[in-house]
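Quick note: the sequence shown uses this note's numbering, first residue 16, plus one each step.
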Amino acid sequence: MKMKLITLPNIITLGNLLCGTLGIVSMVSLQSAQALHTAFVFMLAAALCDFWDGFVARITGLYSSIGAQLDSLADLVSFGVLPTLIAMKVFYLAGGTGAWSAVMLLIVVCAALRLARFNVSDDQKSEFVGLPVPACALLIGSVGWYFAGEAGAAWPDYLPWVVLAGGVVLAGLMVSPLWMFALKFEGFGFAANAVRYTFLLMALVLILLFDMAGIGLAVVLYILVSLGLGLVRGRRNR
16 MKMKLITLPN IITLGNLLCG TLGIVSMVSL QSAQALHTAF VFMLAAALCD
66 FWDGFVARIT GLYSSIGAQL DSLADLVSFG VLPTLIAMKV FYLAGGTGAW
116 SAVMLLIVVC AALRLARFNV SDDQKSEFVG LPVPACALLI GSVGWYFAGE
166 AGAAWPDYLP WVVLAGGVVL AGLMVSPLWM FALKFEGFGF AANAVRYTFL
216 LMALVLILLF DMAGIGLAVV LYILVSLGLG LVRGRRNR
């Protein structure tokens, strides 16, 4: 059976891959503050491509197994490798020293595991198991943006350990069994999408109030809302 490699959704997915790669290049070649800002911009562009490839595939019917695999490969670069580099840089900007930044490699490892689990699951349609890889990456990227703006600030001695702990927690959330709601709309009616519409409205307010840092706060809100929904569902099932 002949499979088409070049389709519109696949081209958009390759845009995701290229943006992630350019973000990695910026982390390697640019100075600290500029690198973190540039990397986050490329990460945002990759996230837009990640959204649009699926949307275009749905409206055109151009689904393919190659597209699904290509999407995961691109996500591993843009939302696995790139945020790992950002997290390592943040550790050093926070005052960290030595090889402790290697702890952040858990991020790319858990991102790979999370993507592999998603690829073999057929029950993650309206909900996800574990924190989605792009959400984790955007939170890390927004933290990097904040630290770049505060370059040269005097941080408390314990902050590097807080940064490491945060990286470990985020890595753990990606491979956790926790259910998180998906931003996949069931039509456009409010009743079936009340949580999604409400979350998007609150996320928009956070971004308007806090600029790029609001993106990270929106991800934190997403995690809290998902945990809250899980608790409510658990009580109902008792």
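Every residue gets a Cβ at the ideal spot worked out from N, C-alpha and C, and that includes glycine.
- Taking Leu-120 as reference, the option from Val-144, Ala-72, Leu-179 with the minimal CA-CA separation is Leu-179.
- Burial check for Ile-238: the Cβ neighbour count within 10 Å reaches 16 or more, so the residue is buried.
- Going by DSSP, Met-195 is part of the beta strand (DSSP E) stretching over 194-196.
- Pairing Ala-60 with Leu-37, the inter-Cα distance amounts to about 11 angstroms.
- Under DSSP, Val-144 shares a beta bridge with Trp-194.
- Around the C-beta of Asp-172, fewer than 16 other C-beta atoms lie within 10 Å, and the residue is accordingly described as exposed.
- Comparing C-alpha distances from Phe-196 to each of Val-234, Val-183, Ala-48, Glu-165 shows the shortest one belongs to Val-234.
- DSSP places Asp-226 outside both helix and strand once states are collapsed to three, so it counts as coil.
- For Leu-153, the three-state secondary structure derived from DSSP is helix.
- Three or more beta-carbon pairs drawn from the region 86-105 and the region 55-74 are found closer than 8 angstroms, and the two stretches are therefore classed as touching.
- Comparing alpha carbon positions, the residue from Ile-26, Glu-165, Gly-159, Asp-86 closest to Val-105 is Gly-159.
- If only complete runs of 4 or more residues are kept, the region 51-130 shows the alpha helix (DSSP H) at 80-91, 97-108, in order along the chain.
- Asp-137 counts as exposed, since fewer than 16 other C-beta atoms from the protein chains shown sit within 10 angstroms of its C-beta.
- Beta-carbon to beta-carbon, Cys-151 and Pro-98 are separated by about 7 angstroms, close enough to satisfy the 8 angstroms threshold.
- Short of 8 angstroms from the beta carbon of Tyr-212, and not among the five residues preceding or following it, lie these beta carbons of its own chain, in chain order: Phe-205.
- Between Leu-108 and Phe-66, the C-beta spacing is not below 8 angstroms.
- A distance below 8 angstroms separates the beta carbons of Leu-130 and Asp-90.
- Straight through space, the alpha carbons of Ala-168 and Met-217 are spaced by roughly 30 angstroms.
- Inter-residue distance for Phe-57 and Gly-30 is about 10 angstroms (C-alpha atoms, whole angstroms).
- Distance from Trp-194 to Gly-110 at the Cβ level is roughly 36 angstroms; contact not present, criterion being Cβ atoms closer than 8 angstroms.
- Counting along the chain, the unbroken alpha helix (DSSP H) around Leu-179 starts and ends at 174-189.
- Residue burial is scored here from C-beta neighbours: Leu-154 has at least 16 other C-beta atoms within 10 angstroms and is therefore classed as buried.
- Under the three-state reduction of DSSP, Gln-49 is assigned to helix.
- Linking Asp-68 to Phe-143 through their CA atoms gives a straight-line distance of about 18 angstroms.
- In the three-state DSSP reduction, Trp-160 falls in the helix class (H, G or I).
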